[in-house]
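The numbering of the sequence shown is the numbering used here, which starts it at 246 and goes up by one.
Beta carbons: idealized from backbone N, C-alpha and C, even for Gly.
Given the structure is predicted, the values throughout are model-derived calculations rather than measurements.
Notes follow once the structure below has been shown.
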Amino acid sequence: MTGWIFLGVLVVIALLLIGIYNSLVQLRVRCDSAWSDIEVQLKRRHDLIPNLVETVKGYAAHEKGTFENIAKFRSQAMQATTPGDKAAAENQLTGALKSLFAVAENYPELKASEEFTQLQGSLSQTEDSIQNARRYYNAVVRDLNTKIQSFPSNILAGMFGFQARQFFEVADAADREPVAVKF
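So, in structure tokens, the structure goes:
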């Protein structure tokens, strides 16, 4: 009789461990998926920027430094791989875009351009999507990191090499706002 009880306890423990392991895997996969969502939105943003720059260039050809900074920061942002590096590069790109919109404010013909208005709307929509994707990613990272650090799942996490993830954070409070696209 005690053999059956012992076997029953072992089965319950095994099922509990399997459940914990599976929940860790599930959170890791959700983390990867959420990061992919951020990268999709950032790629969309990076694809919009050359069109926006070309549109503004036609009106403000003498603002070469602004255009060069945007190209440089866009390239850095596209090459960044970790959430920390990506956040830092995106913050620089956001600052450069703010400069571009400041330049654009000096050109009434540009503000009235239908192409510029459409690009402005697309960029605004993309910035909202990026913000939502970052928020979701950080929520999943929070859940994964909590699970990795909580007992008893921390034991399995250590045994199977689950690592805490880095949050996608914005360092400067001013950069937490989306790019201003109002005229």
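Inter-residue CB distance, residue i and residue j (contact presumed, cutoff 8 Å)
i      : j      : result
Ala341 : Ile375 : With a Cβ gap of about 16 Å, Ala341 and Ile375 do not count as contacting.
Leu401 : Leu269 : 7 Å
Val274 : Leu345 : Rounded, the Cβ-Cβ distance is 38 Å, inconsistent with contact.
Ala332 : Val257 : In fact, because the Cβ distance is near 43 Å, the residues do not count as touching under 8 Å.
Tyr388 : Leu272 : Checking the sequence, you will find Asp at residue 388 rather than Tyr. About 6 Å separates the two Cβ atoms, so the contact holds.
Residue i - DSSP class collapsed to helix/strand/coil
i      : result
Arg319 : helix
Trp280 : helix
Glu313 : helix
Gln408 : coil
Pro397 : coil
His291 : helix
Lys427 : Model confidence at Lys427 stands at a pLDDT of 44, short of 50, so the residue's coordinates are unreliable and nothing is read from them.
Gly303 : coil
Phe413 : coil
Arg421 : Bear in mind that a pLDDT of 49 at Arg421, under 50, signals an unreliable position, so the number given afterwards is only what the model happens to contain. The answer is helix: DSSP assigns Arg421 an H, G or I state.
Residue span of the alpha helix (DSSP H) that contains residue i, given as start and end
i      : result
Gln363 : Glu359 to Gln394
Gly340 : Pro328 to Ala349
Pair within 8 Å by beta-carbon distance, residue i and residue j
i      : j      : result
Tyr352 : Ala305 : yes
Thr371 : Arg319 : no
Phe407 : Ile393 : yes
Ala378 : Asn390 : no
Ala347 : Leu355 : no
Pro328 : Phe413 : yes
Member of the options whose CA lies at the smallest distance from the CA of residue i
i      : options                           : result
Asn296 : Phe407, Ser367 and Leu389         : Ser367
Lys317 : Pro328, Gly264, Ile294 and Val301 : Ile294
Gln321 : Ile393, Glu308, Pro328 and Glu335 : Glu335
Gln363 : Arg379, Ala409 and Thr300         : Thr300
Val386 : Ala332, Leu261, Asp277 and Leu338 : Asp277
Heavy atom of the ligand ZN within 7 Å of residue i beta-carbon
i      : result
Trp249 : In the structure on display, the ligand ZN does not appear, and there are no ligands present to speak of.
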